[in-house]
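Keeping their order, the protein sequence lines are chains V and Y.
If you read the first sequence in the UniProt record's numbering, its first letter stands for residue 1, the second for the next number, and so on.
If you read the second sequence in the UniProt record's numbering, its first letter stands for residue 1, the second for the next number, and so on.
Ideal placement from N, C-alpha and C gives every residue a C-beta, glycine not left out.
A short write-up of the structure that comes next.
Protein chains: 2
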Amino acid sequence: MDIVEISKVLSNQTRVNILKWLKEPEVNFPPHQDIDHFNDGVCVGYIQDKTGLSQSTISTYLNSMQNANLVIPTRHGKWTYYRRNEEVIKEYVDTLKGEL
Amino acid sequence: MDIVEISKVLSNQTRVNILKWLKEPEVNFPPHQDIDHFNDGVCVGYIQDKTGLSQSTISTYLNSMQNANLVIPTRHGKWTYYRRNEEVIKEYVDTLKGEL
DNA sequence: AAAACATATCTATTTTTTTAGATATATAAA
DNA sequence: TTTATATATCTAAAAAAATAGATATGTTTT
Chain V
1 MDIVEISKVL
11 SNQTRVNILK
21 WLKEPEVNFP
31 PHQDIDHFND
41 GVCVGYIQDK
51 TGLSQSTIST
61 YLNSMQNANL
71 VIPTRHGKWT
81 YYRRNEEVIK
91 EYVDTLKGEL
Chain Y
1 MDIVEISKVL
11 SNQTRVNILK
21 WLKEPEVNFP
31 PHQDIDHFND
41 GVCVGYIQDK
51 TGLSQSTIST
61 YLNSMQNANL
71 VIPTRHGKWT
81 YYRRNEEVIK
91 EYVDTLKGEL
């Protein structure tokens, strides 16, 4: 868990929003075609639609968030679903609470 | 309290270090010439020495930290002392805890 | 097998951040 | 009242991040 790397992710409003949206996928996104739950998170396309940014930009964002271990990708057919990594998010906040 | 602005400050190891050092000035810095306490924090020169970066860079860092309300400056003669703004730091962490 | 679809990666451009030297300002000391 | 000291601000150059179009890859559908 790298405080500086995670802070870089959080220093962009859209990326913060994505993390927040993924907290309640059923509230923030439409249902998926193939599956009727959000256990593995939300597909890239839905996230992109919500932000209005380009596909490649969102993919880059999600990649940086994955590198920081803030989200976990799962491939399901032709879609990649992203969900929050609650453990690391908690560890980050708790570390800030203690060390900062 | 701006999450993105504060996260930008924290996305640099030296700035994180400065915040940590200011938590225990008596441990991390030598005593000041004029005053025998750290109630108003630590002078810029001491912080600069500890980082090894240039004077203008440290001044820029401290300015960005002040703009984010993470530190509070106090002028004492020819020195400027910086101390942590515990309220805002706590508010930031608590907000992350709740919203993130 | 070809076409369509979702996402990732590559590439280039623009924007932002970092960094420090030079200079300005404010205060204190000589 | 000049000189020294501490810090802030200005300026410019270098480095890093943001962004999106183009292309590649993997998967499904036809």
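Nearest-angstrom Cβ-Cβ length linking glycine 45(V) and tyrosine 82(V), presumed shorter than 8 Å: Their Cβ separation, rounded to whole angstroms, is 11 Å, which puts glycine 45(V) and tyrosine 82(V) out of contact at 8 Å.
C-beta neighbour in chain V for isoleucine 47(Y), strict 8 Å: no
Residue(s) in a DSSP beta bridge with arginine 83(Y): Ile72(Y)
Cα-Cα separation between histidine 37(V) and glutamine 48(V), rounded to whole angstroms: 19 Å
Beta-carbon contacts of alanine 68(V) that lie in its chain and below 6 Å, excluding the five residues immediately before and after: Glu5, Ile6, Val9
N-terminal and C-terminal residue of the alpha helix (DSSP H) that isoleucine 18(Y) is part of: 13-21
CB-CB length for tryptophan 21(Y) against asparagine 12(Y), believed under 8 Å: The Cβ separation is near 14 Å, so there is no contact.
Backbone CA spacing between valine 23(Y) and tryptophan 79(V) [nearest angstrom]: Note that residue 23(Y) is lysine in the sequence shown, not valine. In a straight line, the C-alpha of lysine 23(Y) is about 47 Å away from that of tryptophan 79(V).
For valine 42(Y): DSSP bridge partner residues: Tyr82(Y)
Any chain Y beta carbon closer than 8 Å to serine 64(V): no
Chain V within 8 Å of asparagine 69(Y), Cβ atoms only: no
First and last residue of the uninterrupted alpha helix (DSSP H) at methionine 65(V): 55-67
First and last residue of the uninterrupted alpha helix (DSSP H) at proline 25(V): 25-28
Residue interval of the alpha helix (DSSP H) (run including leucine 100(V)): Careful: leucine 100(V) lies outside any alpha helix (DSSP H) and carries neither H nor E.
Beta carbon proximity, isoleucine 58(V) to chain Y, threshold 8 Å: no
Chain-ordered neighbours of lysine 78(Y) on chain V, where CB pairs are closer than 7 Å: The premise fails here: lysine 78(Y) is roughly 30 Å from chain V at the closest Cβ pair, so nothing lies under 7 Å.
Where the stretch 8-19 of chain Y meets chain V: residues whose CB sits under 7 Å from a CB there: Lys8, Leu10, Ser11, Asn12, Gln13, Val16, Leu19
C-beta contact flag for methionine 1(V) and valine 71(V) at 8 Å: no
8 Å contact criterion, which isoleucine 3(V) and valine 93(Y) should meet: CB distance rounded: Not confirmed; about 12 Å, so no contact.
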